[in-house]
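Chains as they are written, first to last, in numbering that gives the first Met the number 0: chain C, 0 to 529; chain P, 0 to 120.
A virtual CB, placed ideally from N, CA and C, is assigned to each residue, including glycine.
All of these numbers come straight from a predicted model, not from anything done at the bench.
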Amino acid sequence: MITLSYPIAGGDFDSAGLATRKLKEQLARLGVDASAMRRAMIASYEAEMNVVIHARTGTLWARLDADKLDLEVADEGPGIPDVELAMREGWSTAPERARQMGFGAGLGLPNIRKASDLFQIETRVGRGTRIRSTILFHDGEAGPAEASLASGAFRPALGVDDGRCRGCRRCVFICPTGALRLRDRRPTLLDHLCVGCTACIEECPDGVFSIAADAEPNAGALRNVPQGALLIAPRGFVVGFPGFRPPELILSGLRQIGFSEVRFLEEWEESLRRESRHETAAGKLPRPRIPPLCPPVVSLIESRFPALMPHLVPCLSPSEAACEEFPLRPVFLAAACPGQYSACARSSLTERLTVATPAALANAVLPLLNSRRADGELPAVRVPRANPAGPRGLAASGVRSVLRLLSRAETGALADVSVLELHLCVGGCSASPLLTSNPELNGFRWTVKHSGEPPAAARRNRPYEQREGLRLDPDMTEAIRKLAQIDSMTHSLPGRDCGSCGSPSCAAFAEDVVMRRAAEGDCPFMENAR
Amino acid sequence: MKIAELARAIEARLILPGGKDRPEIARIHGAETMSDLIANAAADTLLITPLANNQLIRVADLMDVPGICLVDGGVPDEALVAQARATGVAVLITRADLQTTCARAIACLSAKKAAGKAARP
Numbered sequence: 000m001i002t003l004s005y006p007i008a009g010g011d012f013d014s015a016g017l018a019t020r021k022l023k024e025q026l027a028r029l030g031v032d033a034s035a036m037r038r039a040m041i042a043s044y045e046a047e048m049n050v051v052i053h054a055r056t057g058t059l060w061a062r063l064d065a066d067k068l069d070l071e072v073a074d075e076g077p078g079i080p081d082v083e084l085a086m087r088e089g090w091s092t093a094p095e096r097a098r099q100m101g102f103g104a105g106l107g108l109p110n111i112r113k114a115s116d117l118f119q120i121e122t123r124v125g126r127g128t129r130i131r132s133t134i135l136f137h138d139g140e141a142g143p144a145e146a147s148l149a150s151g152a153f154r155p156a157l158g159v160d161d162g163r164c165r166g167c168r169r170c171v172f173i174c175p176t177g178a179l180r181l182r183d184r185r186p187t188l189l190d191h192l193c194v195g196c197t198a199c200i201e202e203c204p205d206g207v208f209s210i211a212a213d214a215e216p217n218a219g220a221l222r223n224v225p226q227g228a229l230l231i232a233p234r235g236f237v238v239g240f241p242g243f244r245p246p247e248l249i250l251s252g253l254r255q256i257g258f259s260e261v262r263f264l265e266e267w268e269e270s271l272r273r274e275s276r277h278e279t280a281a282g283k284l285p286r287p288r289i290p291p292l293c294p295p296v297v298s299l300i301e302s303r304f305p306a307l308m309p310h311l312v313p314c315l316s317p318s319e320a321a322c323e324e325f326p327l328r329p330v331f332l333a334a335a336c337p338g339q340y341s342a343c344a345r346s347s348l349t350e351r352l353t354v355a356t357p358a359a360l361a362n363a364v365l366p367l368l369n370s371r372r373a374d375g376e377l378p379a380v381r382v383p384r385a386n387p388a389g390p391r392g393l394a395a396s397g398v399r400s401v402l403r404l405l406s407r408a409e410t411g412a413l414a415d416v417s418v419l420e421l422h423l424c425v426g427g428c429s430a431s432p433l434l435t436s437n438p439e440l441n442g443f444r445w446t447v448k449h450s451g452e453p454p455a456a457a458r459r460n461r462p463y464e465q466r467e468g469l470r471l472d473p474d475m476t477e478a479i480r481k482l483a484q485i486d487s488m489t490h491s492l493p494g495r496d497c498g499s500c501g502s503p504s505c506a507a508f509a510e511d512v513v514m515r516r517a518a519e520g521d522c523p524f525m526e527n528a529r
Numbered sequence: 000m001k002i003a004e005l006a007r008a009i010e011a012r013l014i015l016p017g018g019k020d021r022p023e024i025a026r027i028h029g030a031e032t033m034s035d036l037i038a039n040a041a042a043d044t045l046l047i048t049p050l051a052n053n054q055l056i057r058v059a060d061l062m063d064v065p066g067i068c069l070v071d072g073g074v075p076d077e078a079l080v081a082q083a084r085a086t087g088v089a090v091l092i093t094r095a096d097l098q099t100t101c102a103r104a105i106a107c108l109s110a111k112k113a114a115g116k117a118a119r120p
């Protein structure tokens with residue numbers, strides 16, 4: 000994998016196209032085939048010209064893998080008020096100068112979409128636009144590569160260090176989607192079920208779970224924080240360091256390792272709350288409206304409660320919105336959970352955005368704190384006043400509460416609630432067990448004054464998508480047969496859901512046996528009955 | 000078809016021969032907008048357009064187009080010619096308009112194709 004980047008100057012028609020020209024040289028050296036090259040050039044040139052014509056400044060990134068090329072062009076500019084209109088052929092807002100040169104035919108974005116196997120556009124009025132285009136190298140037989148793109152979006156970022164496991168099975172029971180099994184005294188994750196929450200991380204007494212190791216930035220990234228870099232973190236991150244260290248000292252340490260600014264996730268939580276509160280802004284959504292505050296809650300709805308998808312407010316989650324807020328600055332995100340990590344990591348190419356675990360950031364900061372005191376000059380901090388839930392709003396957190404409320408909402412029993420705010424971590428993102436904190440201390444130690452208005456909420460450009468579970472069998476008839484088998488086996492099991500077999504329930508165990516993830520003999524009761 | 004041969008056939012002047020290793024012209028595409036040109040450009044395509052500006056050469060270069068033909072009697076400036084020379088793109092000019100030029104070129108290419116087929120037993 001290799002990532003290339005080229006700057007683009009807005010309004011400069013003389014050097015327009017140079018970024019794409021340079022990209023072409025590199026791709027040619029790397030041996031990209033002619034068809035992919037042709038499509039890459041169309042997508043890249045059109046995107047570059049959009050920056051030149053409409054924006055102040057921008058950047059072209061290209062990431063090359065063995066099977067695909069990802070292009071991303073982000074700009075600081077006016078944004079696109081109506082993306083649907085802009086995607087229509089013949090619609091253009093290009094100025095006269097550009098039209099005279101033969102641009103502004105309203106074919107640019109449609110051209111990019113046609114040239115791409117995967118096309119995404121994110122835009123915010125007054126801020127800028129980000130276009131992503133993926134070009135697969137083996138068109139025609141795009142099957143496996145296409146599949147890898149789709150599953151890439153949901154690859155769980157949960158890391159499992161099974162060597163530490165003592166086999167207590169607490170994780171098996173706490174997982175809200177029943178994604179964990181204990182087999183041979185080792186925890187096993189069913190990838191297609193994991194939503195990336197912190198339930199198992201918090202519950203496990205042995206520290207088996209964390210954000211996946213490949214989610215860690217390479218060691219150098221935190222030693223060489225680039226100039227002007229911005230850190231986005233849940234507020235709890237600067238409060239919960241081990242020992243007594245006031246937030247001011249932590250902020251000072253963060254400045255010393257090179258962050259020029261620290262912004263808190265709560266800002267974007269607040270803007271999302273405000274957006275969700277107004278019916279007009281959020282559109283005609285059924286009650287209760289569910290703001291996507293917590294990416295794992297969104298995943299949970301997309302997988303276990305798809306009937307509630309129309310209730311989700313069509314905005315980006317706070318962490319995604321925060322990363323999109325600064326299209327051209329290097330941004331670091333302290334991810335509070337694996338779900339936040341995967342939501343943000345998939346929304347951008349790696350170079351601009353570094354998603355780090357709070358532990359990695361803490362390790363970088365801690366050595367500086369022992370020798371120095373807070374030096375008074377703090378990085379810029381803005382914290383809008385939080386107004387949880389609002390009138391007729393209901394806020395809840397924690398796996399059990401969230402599951403209970405979603406089940407009730409699914410039956411229509413919560414129609415009197417206008418806004419349902421859910422977090423899978425008890426106490427919200429700032430209280431995530433990954434922030435090395437005592438959540439109880441968050442409010443107590445927080446001394447920075449409230450200030451500033453929250454930024455505008457960021458609308459989603461992609462619809463929520465139901466998450467397909469693993470199909471029982473690619474063949475429908477076979478799948479039905481397996482389902483019947485699971486059903487009959489569930490009835491023959493004791494139904495105690497004791498977990499001795501390592502599955503969270505008898506029904507889950509029956510599925511495991513039919514899908515050959517477990518043997519019938521793993522159930523001690525079945526074994527005795529024989 | 001060789002670009003010089005095509006130039007004679009469509010009554011255009013070849014003011015800059017392209018790079019020697021460029022392939023022959025197999026098809027043409029005429030358009031008045033850049034997006035139309037880039038979407039239809041290929042390594043065997045002559046682009047025919049009234050857009051005499053440096054971005055035309057950029058597009059031709061990116062898409063490995065062997066040559067461009069400027070219509071409506073447009074005279075390319077020195078910068079354009081210099082850029083075309085640097086990138087090996089052939090430049091044709093003609094007084095005829097876009098439609099006429101395209102019609103001539105298509106007629107000439109299909110005649111050539113028919114001749115080619117007839118020549119083969």
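Point to revise | Spatial neighbours of Leu253 (chain C) in its chain, beta-carbon cut-off 7 angstroms, leaving aside the 5 residues before and after | key: Leu230, Val261, Val364 and Pro378
Review point. Excluding the five sequence neighbours on either side, which residues of its own chain have a C-beta within less than 6 angstroms of the C-beta of Tyr340 (chain C), listed in chain order?
Key: Ala156, Ile210, Ala214, Ala334 and Val354
Check your understanding: Is there contact here, the segment 285-297 of chain C with the segment 415-431 of chain C, by at least three beta-carbon pairs under 8 angstroms?
Key -> With the rule of 3 Cβ pairs closer than 8 angstroms, the segment 285-297 of chain C counts as touching the segment 415-431 of chain C.
Exercise for review: Please decide whether Asp13 (chain C) counts as near chain P, where near means a Cβ-Cβ distance under 8 angstroms.
Suggested key: yes
Practice item. Please name the residue or residues paired with Phe304 (chain C) in a DSSP beta bridge. Key: Bridge pairing for Phe304 (chain C): absent [DSSP].
Exercise for review: Report yes if the C-beta distance between Cys74 (chain P) and Ile92 (chain P) is below 8 angstroms; otherwise report no.
Suggested key: According to the sequence as given, residue 74 (chain P) is Val; it is not Cys. Yes. Within cutoff.
Exercise for review: Could you run through the segment 14-47 of chain C and flag, in chain order, every residue whose CB is less than 9 angstroms away from some CB of chain P?
Suggested key: Ala15, Gly16, Leu17, Thr19, Arg20, Lys23, Ala33, Met36, Arg37, Met40, Ile41, Ser43, Tyr44 and Glu45
Practice item. Tell me whether Lys112 (chain P) is buried or exposed, calling it buried when 16 or more other Cβ atoms sit within 10 Å of its Cβ. Key: exposed
Check your understanding: Between the beta-carbon of Cys107 (chain P) and the beta-carbon of Ala8 (chain P), is there less than 8 angstroms?
Key -> Yes, Cβ-Cβ distance for Cys107 (chain P) and Ala8 (chain P) is below 8 angstroms.
Review point. Of all the CB atoms in chain P, is at least one closer than 8 angstroms to the CB of Leu3 (chain C)?
Key: no
Point to revise | CB of Pro438 (chain C) within 8 angstroms of CB of Ala73 (chain C), strictly | key: no
Check your understanding: Which residue from P:Met0, P:Glu10, P:Met33 and P:Ala3 puts its Cα closest to that of Ala96 (chain P)?
Key -> In the sequence under discussion, the amino acid at residue 96 (chain P) is Asp, which differs from the Ala named in the question. Checked all of P:Met0, P:Glu10, P:Met33 and P:Ala3; the closest Cα to Asp96 (chain P) is P:Glu10.
Check your understanding: Could you give the distance in angstroms between the alpha-carbon of Asp474 (chain C) and the alpha-carbon of Arg480 (chain C)?
Key -> 10 angstroms
**Study point:** Counted within 10 angstroms of its Cβ, other Cβ atoms place Thr48 (chain P) as buried (16 or more) or exposed
**Key:** buried
Review point. In chain C, which residues lie less than 7 angstroms from Val88 (chain P) when you measure between Cβ atoms?
Key: Within chain C, no residue comes near Val88 (chain P); the closest Cβ sits about 13 angstroms away, beyond 7 angstroms.
Practice item. Output yes or no for whether 8 angstroms exceeds the beta carbon distance between Cys170 (chain C) and Cys203 (chain C). Key: yes
Check your understanding: Within 8 angstroms (strictly less), CB to CB, does Ala104 (chain C) reach chain P?
Key -> yes
Review point. What three-state label does DSSP hand Phe240 (chain C) in the structure shown?
Key: Coil.
Practice item. Could you tell me which residues DSSP pairs with Ile52 (chain C) in its beta bridges? Key: Partner residues in a beta bridge of Ile52 (chain C), as assigned by DSSP, do not exist.
Practice item. Anything in the segment 104-129 of chain C with a Cβ closer than 9 angstroms to a Cβ of chain P? List those residues in chain order, please. Key: Ala104, Gly105, Leu106, Gly107, Pro109, Asn110, Lys113 and Ala114
Review point. What are the residues of the segment 21-54 of chain P that lie near chain C, defined by any Cβ-Cβ distance shorter than 9 angstroms?
Key: Ala30, Glu31, Thr32, Met33, Ser34, Asp35, Leu36, Ile37, Ala38, Ala40, Ala41, Ala42, Thr48, Pro49, Leu50, Asn52, Asn53 and Gln54
Practice item. Locate the alpha helix (DSSP H) running through Ser406 (chain C), then write down its first and last residues. Key: Val398 to Glu409
Exercise for review: Return the chain-ordered list of same chain residues with a C-beta closer than 7 angstroms to the C-beta of Gly498 (chain C), the five sequence neighbours on each side being excluded.
Suggested key: Cβ neighbours of Gly498 (chain C) beyond the five flanking positions: Arg168, Val171 and Phe172.
Check your understanding: For Thr128 (chain C), does the three-state DSSP call read helix, strand or coil?
Key -> strand
Check your understanding: Does any residue of chain C bring its CB to less than 8 angstroms from the CB of Leu97 (chain P)?
Key -> no
Exercise for review: Would you kindly work out how many angstroms separate the C-alpha atoms of Leu45 (chain P) and Thr100 (chain P), rounded to a whole number?
Suggested key: 11 angstroms
Point to revise | Contacts around Asn110 (chain C), its chain only, beta-carbon distance under 8 angstroms, and the 5 residues preceding and following it disregarded | key: Ile41, Ala42 and Glu45
**Study point:** Ala91 (chain C) to Pro65 (chain P) span [Cα, whole Å]
**Key:** The sequence given here places Ser at residue 91 (chain C); Ala does not occur at that position. Distance between the alpha carbons of Ser91 (chain C) and Pro65 (chain P) is about 30 angstroms.
Point to revise | Simplified DSSP state of Lys283 (chain C), which is helix, strand or coil | key: coil
Practice item. Under 8 angstroms between beta-carbons, which chain B residues line up against Val58 (chain P)? List them in chain order, please. Key: The chain labelled as chain B is not found among the protein chains of the depicted structure, namely C and P.
Check your understanding: Going by beta carbon distance, what residues of the same chain come within less than 7 angstroms of Phe508 (chain C), once the five residues before and after it are set aside?
Key -> Leu492, Cys500, Ser502, Ala517 and Cys522
**Study point:** Residue from C:Lys67, C:Cys428 and C:Gly105 with nearest C-alpha to Ala85 (chain C)
**Key:** C:Gly105
Check your understanding: Who are the near neighbours of Val416 (chain C) in its chain, counting only those whose CB is closer than 6 angstroms to its CB and skipping five residues on each side?
Key -> Pro287 and Leu393.
Practice item. State yes or no: is the C-beta of Phe263 (chain C) nearer than 7 angstroms to some heavy atom of the ligand SAM? Key: With respect to the ligand SAM, the structure offers nothing, as it holds no ligand at all.
Check your understanding: Do Leu271 (chain C) and Cys314 (chain C) come within 8 angstroms of each other at the CB atom, strictly closer than that value?
Key -> yes
Exercise for review: Flag this pair as yes or no: are the beta carbons of Arg244 (chain C) and Phe263 (chain C) separated by less than 8 angstroms?
Suggested key: no
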